[in-house]
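Working notes, structure below.
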Amino acid sequence: MFVDRLVATLIHLRHDLPHSVLGLLFGVDHFTVPRAIGEIRALLASRGCVVPDRPGLRLHTLADVFAYAQAEGINLRLDATKVQVRRPPACRGGRRAFVSGKKKQNTMKATVIADDQGRTLWTDTLRPGRMHDATAARNEGIAACFQRFPTAEVLLDDGYLGLKRDHPGQVITPPGKPNMIAFPHVHAAREQARHEHSSKRITVEHPSPTTNAGSN
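The opening residue of the sequence shown carries number 78 in the numbering used here; numbering runs sequentially from there.
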């Protein structure tokens, strides 16, 4: 049923449940789940993400999100989210690309962008989990968006230091570690700054479930 496929996709996107678990929940073969999710994601992408306080506005592309953020003076939050998947068949080439170095599991990942209220504004396509987070963002054309919208700012974690180097002033990451011989108050200030940065960026890790009407 369409409703079951829709609910399964939303659970997958919201809670990162593996396809095998969703198959058990909905009483279907685990091979059915990724096919259903792919179909529903395409439908959601065509609808775009809504902004609750802006009736009629839908964000379909990464450029739409950056344009909205620059116009409204919103600092975006960007992060990659991973979901565990079954190990690809042995006969399938490139299956090592799905092994995440951090989780040591077979995963796929998607880049998510949210605003300061935790409202999901955009997600990209699923990619093999071994791909670096910054590489995934670059593949979606984030560099062109920074150039086109020079006042847009994005909060990211330490995994995106390469983007910070390429786009200083627009990419905001936690402060780096000071020299070991630095005074204690320098280390304390750095930890405080990292905590404040994390508190601002956490909305992308816990996006609002009521505002994501679609994903790209």
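We put the beta carbon where it would ideally sit given N, CA and C, even for glycine.
If you draw a straight line from the alpha carbon of residue i to that of residue j, how long is it in whole angstroms?
| i | j | result |
| --- | --- | --- |
| residue 249 | residue 272 | 14 Å |
| residue 112 | residue 210 | 24 Å |
| residue 293 | residue 185 | Low local confidence applies: a pLDDT of 44 at residue 293 is under 50, so the model's placement there is unreliable, and no value is given. |
| residue 67 | residue 263 | Lying before the first or after the last residue shown, residue 67 is absent from the chain, which here runs from 78 to 293. |
| residue 254 | residue 236 | 14 Å |
| residue 212 | residue 258 | 34 Å |
| residue 155 | residue 188 | 7 Å |
| residue 226 | residue 95 | 36 Å |
| residue 83 | residue 109 | 13 Å |
| residue 270 | residue 106 | 48 Å |
| residue 207 | residue 268 | 29 Å |
| residue 219 | residue 256 | 32 Å |
| residue 242 | residue 98 | 40 Å |
| residue 204 | residue 274 | 27 Å |
| residue 161 | residue 117 | 19 Å |
| residue 157 | residue 182 | 16 Å |
| residue 88 | residue 266 | 39 Å |
| residue 230 | residue 260 | 31 Å |
| residue 123 | residue 245 | 33 Å |
| residue 78 | residue 136 | 28 Å |
| residue 140 | residue 221 | 9 Å |
| residue 234 | residue 279 | 10 Å |
| residue 149 | residue 138 | 17 Å |
Within a Cβ cutoff of 7 Å, which residues of the same chain sit near residue i, ignoring the five residues on either side of it in sequence?
| i | result |
| --- | --- |
| residue 289 | In this prediction, residue 289 scores a pLDDT of 45, lower than 50, which makes its location untrustworthy; no coordinate-derived value is stated. |
| residue 144 | 226 |
Applying the criterion that 16 or more other CB atoms from any shown protein chain within 10 Å of the CB defines a buried residue, is residue i buried or exposed?
| i | result |
| --- | --- |
| residue 291 | Interpretation of residue 291 is limited by its pLDDT of 44, a score under 50 that renders its predicted location unreliable; no figure is taken from the coordinates. |
| residue 214 | buried |
| residue 114 | buried |
| residue 223 | buried |
| residue 121 | buried |
| residue 281 | buried |
| residue 247 | buried |
| residue 251 | buried |
Below 6 Å CB to CB, which residues in the same chain sit around residue i once its five sequence neighbours on both sides are set aside?
| i | result |
| --- | --- |
| residue 228 | 147 |
| residue 101 | none |
| residue 190 | 142, 153, 155, 198 and 199 |
| residue 240 | 211 and 248 |
Less than 7 Å separating the beta-carbons of residue i and residue j?
| i | j | result |
| --- | --- | --- |
| residue 277 | residue 232 | yes |
| residue 201 | residue 217 | yes |
| residue 81 | residue 103 | yes |
Using DSSP bridges, identify the partner residues of residue i.
| i | result |
| --- | --- |
| residue 158 | 187 |
| residue 204 | 186 |
| residue 232 | 154 and 249 |
So, for residue i: in the same chain, excluding its five sequence neighbours on each side, which residues have a beta-carbon less than 8 Å away from its beta-carbon?
| i | result |
| --- | --- |
| residue 86 | 113, 114, 117, 118 and 121 |
| residue 134 | 127, 128 and 145 |
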